[in-house]
Amino acid sequence: MTYVDGFILPVKTARKDDYIKAAQKMTALYLAHGAARCVETWGAGLEPGQNTSFPRAVELADDETAVFAWMEFPDKATSDAAHRAVWSDPDTEKLMGDGLVDGQRMIMGGFEILLDVT
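Right under this line is the structure:
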């Protein structure tokens, strides 16, 4: 069954181009280690909700934009192996370092697809 890793993270709005470059490199790594699909989206028109929302969930600052991303894998075992391989590479942390992403405020989790209609 297809397994999805989903992420919501804050990125400095002024560093959108830097994030795109880093995401392209990360995507190449994950595809090489078994991901079937990688998608990165840039928040557009996200408003803080009364109780919760994407901006509130990651404590978005005025100079940040929320990114919603996901990767699809054939199964959880492939996802786990890909994460181990990618994050054991010392260059991986450099891609997202330098204040590009605040991992402390990133939300991530794994999911099994219930419905997929096109």
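In the numbering used here, each number is its position in the sequence shown, counted from 1, plus 6. Beta carbons: idealized from backbone N, C-alpha and C, even for Gly.
Checking 9 Å against the spacing of the C-beta atoms, do residue i and residue j come in under that value?
i, j, result
"Met112", "Leu15", "yes"
"Leu106", "Lys31", "no"
"Ala29", "Glu46", "yes"
"Asp11", "Gly109", "no"
According to DSSP, residue i sits in a beta bridge with which residue or residues?
i, result
"Trp93", "None; Trp93 has no bridge partner."
"Glu99", "DSSP lists no partner for Glu99."
"Thr71", "Val17"
Would DSSP call residue i helix, strand or coil?
i, result
"Ile113", "strand"
"Asp108", "coil"
"Pro16", "strand"
Which whole-angstrom value is the C-beta distance of residue i and residue j, which I expect to be below 8 Å?
i, j, result
"Leu35", "Val92", "5 Å"
State the start and end residues of the unbroken alpha helix (DSSP H) segment that holds residue i.
i, result
"Thr33", "Lys22 to Ala38"
"Pro61", "Phe60 to Ala63"
Do residue i and the ligand MN come close, with the Cβ less than 8 Å from some heavy atom?
i, result
"Glu99", "As far as ligands go, the structure on display features none, and thus does not contain the ligand MN."
Provide the residue span of the beta strand (DSSP E) that contains residue i, from first to last.
i, result
"Glu46", "Arg43 to Trp48"
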